[in-house]
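Engineer:
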Amino acid sequence: MLSFRFLRRRRILYFCVLALFLFGCFATLKTLSLTTNENKRPQLKVSSTREREEIIKEFHGLEVGKKIRDTDAKKNETDTENKRDTHAGRVGKILDAQDGYEVGDVSLPEPNYDVHIFYYAWYGNVEHDGKYVHWNHRRLPHWNPEIAARYDQGSHSPPDDIGSNFYPQLGPYSSRDLNILKDHMRQIRTAGVGVIVLSWYPPGKADSEGIPSDSIVPTLLNVAAEYKLKLTFHIEPYKDRDDQTVHDDVKYIVDTYSSHDSFYKHKTNDGRHLPMLYIYDSYQTTPDAWAQLMKPEGSHSVRNTPYDCIFIALMVEMNHRRYLDVGGFDGFYTYFATDKFTYGSTRRFWPHLETMAKQTNTLFIPSVGPGYIDTMVRPWNDQNTRLRKNGNYYQKSWQAALQTNAQIISITSFNEWHEGTQIEKAVPKTLPGFRYKDYGPHSPDFYLELTKEFVDKFILRKNKV
């Protein structure tokens with residue numbers, strides 16, 4: 001998926017420059033060396049271009065030559081209930097469902113609609129779904145058979161053994177449990193966040209570990225409304241996704257959900273209120289193809305139609321600017337909670353990305369995160385772990401975002417438990433031979449409280465501008 005070949009060439013170039021400094025400026029070697037290190041592109045701890053490519057593929061849940069995890073979409077042809085309904089029929093169901101929802105606890109902090117949080121509704125358990133879904137995530141094998149043989153494989157066995165390095169306070173829950181959804185909305189409101197960015201697949205499709213979940217959206221919208229929250233979509237890279245299928249997705253989303261009170265719309269500079277859609281792994285489709293959807297002259301453009309949206313691309317590499325200039329995206333986000341893993345997720349490059357946004361008249365949405373650890377699903381990937389350090393990692397992430405003039409900040413994530421980026425409440429738990437990580441010495445709601453502190457700082461910073 002991602003190409004890091006140019007990183008190797010840049011690394012060789014930096015070593016050449018350093019060698020010249022050594023011979024020509026020996027007296028100032030220390031100063032120059034520090035400067036060189038400060039401006040060095042991040043490098044993965046791998047020894048070859050091939051390994052870099054495979055690490056990136058596995059980080060995204062991809063195996064060489066085929067999709068193997070959360071970016072693979074599959075159709076459930078036998079489950080007719082989850083297939084795409086007609087627009088008119090589904091809209092009627094949602095309008096009926098949203099009548100009569102109640103406003104939740106008014107004592108909670110006011111939501112900030114400029115703070116977005118990535119949310120996953122792909123979990124299931126025996127009580128509500130007849131089986132565990134995602135909590136039993138399999139351990140993904142390394143692409144190198146010799147390395148793969150060193151690690152356990154197979155799926156986890158909930159409820160005690162789950163595919164996460166942390167254990168949720170709510171246990172291995174179901175995303176279809178209304179009480180769970182209400183608890184989640186309350187936690188998100190407690191943190192001062194205003195917009196839920198829902199990981200989404202079209203009706204009848206799901207990731208390789210999950211089941212179709214579009215049918216959950218009406219309930220999520222209704223519960224979000226009770227807590228004055230808004231919801232938008234994080235369109236996942238399902239099988240054969242391209243500009244044409246996303247065109248169909250946009251029509252479905254707008255026709256089906258945009259009339260709901262909790263459907264998020266962002267005010268543009270010209271005063272319009274448009275849906276904002278995040279497109280994960282947007283680089284899998286070429287900028288020229290995206291232009292057919294997002295440029296006014298495109299063959300199936302939605303611009304200046306009832307389906308016009310604010311499209312947000314995933315910024316991974318520096319050359320992804322083409323998705324703004326050529327592709328017609330209205331903004332970009334960085335998603336990954338792993339500082340220095342990609343160009344976009346490297347905090348010291350965020351001022352440059354802010355400048356890029358100004359040059360292209362687009363939105364820069366940095367993604368902050370509390371840490372990263374996925375060794376319960378990728379046991380060989382410990383080099384990409386980012387320890388939380390009692391909240392220090394999260395604080396530095398927020399501080400870097402606040403040093404930019406970003407008008408929207410996103411959080412990775414509320415509940416991506418597999419990758420250890422969640423701020424949802426977690427608790428200590430010990431099994432024979434294994435102890436889950438937790439937020440100690442702090443309380444289970446520590447990261448919700450810390451988020452609220454920085455949301456307040458974000459509000460103060462915006463008021464000063």
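Residues in the sequence shown are numbered consecutively from 1, following UniProt numbering. Every residue, glycine too, gets a C-beta built ideally from N, C-alpha and C.
(1) For I365, I'd like the list of residues in its chain whose CB is within less than 8 angstroms of its CB, leaving aside the five on either flank, ordered along the chain.
(2) Going along the chain, which unbroken runs of the alpha helix (DSSP H) with 4 or more residues stay wholly within the segment 177-219?
(3) If you pair each beta-carbon of the segment 161-177 with each one of the segment 425-440, do three or more pairs fall below 8 angstroms?
(4) Below 8 angstroms, how does it come out for the segment 347-364 and the segment 307-326: are there three or more Cβ pairs, yes or no?
(5) Do R139 and H128 have their C-beta atoms within less than 9 angstroms of each other?
(6) Using DSSP bridges, identify the partner residues of P168.
(7) With 16 as the cutoff for other CB atoms within 10 Å, does G204 come out buried or exposed?
(8) Report buried or exposed for D240, applying the criterion of at least 16 other Cβ atoms within 10 angstroms of its Cβ.
(9) Can you tell me where the beta strand (DSSP E) with I312 in it begins and where it stops?
(10) Where E449 and P145 are concerned, what is the direct C-alpha to C-alpha distance, given to the nearest angstrom?
(11) Could you give the residue range of the beta strand (DSSP E) that holds K265?
(12) Would you mind sorting H300 into buried or exposed? The rule is 16 or more other CB atoms within 10 Å of its CB.
(13) Quick one: Cα of residue 542 to Cα of Y201, how far?
(14) Considering just the uninterrupted stretch of the alpha helix (DSSP H) at H300, what are its terminal residues?
(15) At the level of alpha carbons, what is the spacing between E453 and G192?
(16) My guess is that Y119 and N415 are in contact by the Cβ rule of under 8 angstroms, so how many angstroms apart are they, rounded?
(17) Does DSSP put K437 in a helix, in a strand, or in coil?
(18) Starting from V126, trace the alpha helix (DSSP H) in both directions and tell me its first and last residue.
(19) Taking V133 as part of the alpha helix (DSSP H), name the residues at either end of that continuous run.
(20) DSSP three-state call for N381: helix, strand or coil?
(21) Please report the straight-line C-alpha distance between I162 and Q284, rounded to a whole angstrom.
(22) Out of S367, S259, S443, point me to the one whose CA is closest to P218's CA.
(23) Determine, using beta-carbon pairs with one atom in the segment 366-382 and one in the segment 393-407, whether at least three such pairs fall under 8 angstroms.
Structural biologist: Reading off the structure:
(1) Looking up residue 365 in the sequence shown gives position 365. Close CB contacts of I365 within its chain, under the 8 angstroms cut and outside five residues either way in sequence, are with H116, I312, G331, F332, Y333, T334, A406, I408, I409, S410 (chain order).
(2) Counting only runs that start and end inside the segment 177-219, the alpha helix (DSSP H) elements of at least 4 residues fall at 178-190.
(3) By the Cβ criterion, the segment 161-177 is in contact with the segment 425-440, since at least three pairs of Cβ atoms, one from each stretch, lie closer than 8 angstroms.
(4) Touching, yes.
(5) As a first step, residue 139 is located in the sequence shown; it is residue number 139 there, counting from the start. As a first step, residue 128 is located in the sequence shown; it is residue number 128 there, counting from the start. It is not a contact, given that the beta carbons lie outside the stated cut-off.
(6) If you number the sequence shown from 1, residue 168 lands on position 168. A426.
(7) As a position in the sequence shown, residue 204 is number 204, starting the count at 1. Only buried fits G204, as 16 or more other CB atoms lie within 10 angstroms of its CB.
(8) What you label residue 240 is simply residue 240 of the sequence shown in a count that begins at 1. D240 should be labelled exposed.
(9) Residue numbering aside, residue 312 sits at position 312 when the sequence shown is read from its first letter. That run of the beta strand (DSSP E) goes 310-314.
(10) Counting from one through the sequence shown, the residue named residue 449 turns up at place 449. Counting from one through the sequence shown, the residue named residue 145 turns up at place 145. Going by the C-alpha atoms only, they are around 44 angstroms apart.
(11) Position 265 of the sequence shown, counted from the first residue, corresponds to residue 265. That run of the beta strand (DSSP E) goes 265-267.
(12) Numbered from 1 along the sequence shown, position 300 holds the residue referred to as residue 300. It counts as exposed.
(13) The structure shown does not extend to residue 542, since the chain is modelled only from 1 to 465, so the question has no answer here.
(14) To locate residue 300, count along the sequence shown from 1; it is residue 300. From DSSP, H300 is part of no alpha helix (DSSP H); its letter is neither H nor E.
(15) Here residue 453 refers to the residue found at position 453 when the sequence shown is read from its first residue. Here residue 192 refers to the residue found at position 192 when the sequence shown is read from its first residue. As the crow flies, the alpha-carbon of E453 is around 9 angstroms from that of G192.
(16) Translated into the one-based positions of the sequence shown, residue 119 becomes position 119. Translated into the one-based positions of the sequence shown, residue 415 becomes position 415. By a beta-carbon distance limit of 8 angstroms, Y119 contacts N415. Their separation comes to about 6 angstroms.
(17) Walking along the sequence shown from the start, residue 437 turns up at place 437. Here K437 carries a strand assignment [DSSP, helix/strand/coil].
(18) For the purposes of this step, residue 126 is taken as the residue at position 126 of the sequence shown. Note, V126: alpha helix (DSSP H), 126-129.
(19) Here the question's residue 133 lines up with position 133 in the sequence shown. Premise fails: V133 is in no alpha helix (DSSP H) and is neither H nor E.
(20) Working through the sequence shown from its first residue, we reach residue 381 at position 381. Annotated three-state conformation of N381 is coil, per DSSP.
(21) Locating residue 162 in the sequence shown gives position 162, where the first residue counts as 1. Locating residue 284 in the sequence shown gives position 284, where the first residue counts as 1. Approximately 31 angstroms, taken between the alpha carbons.
(22) Position 218 of the sequence shown holds residue 218. Comparing Cα positions, the closest option is S259.
(23) Yes, since at least three Cβ pairs between the segment 366-382 and the segment 393-407 fall closer than 8 angstroms, the two stretches touch.
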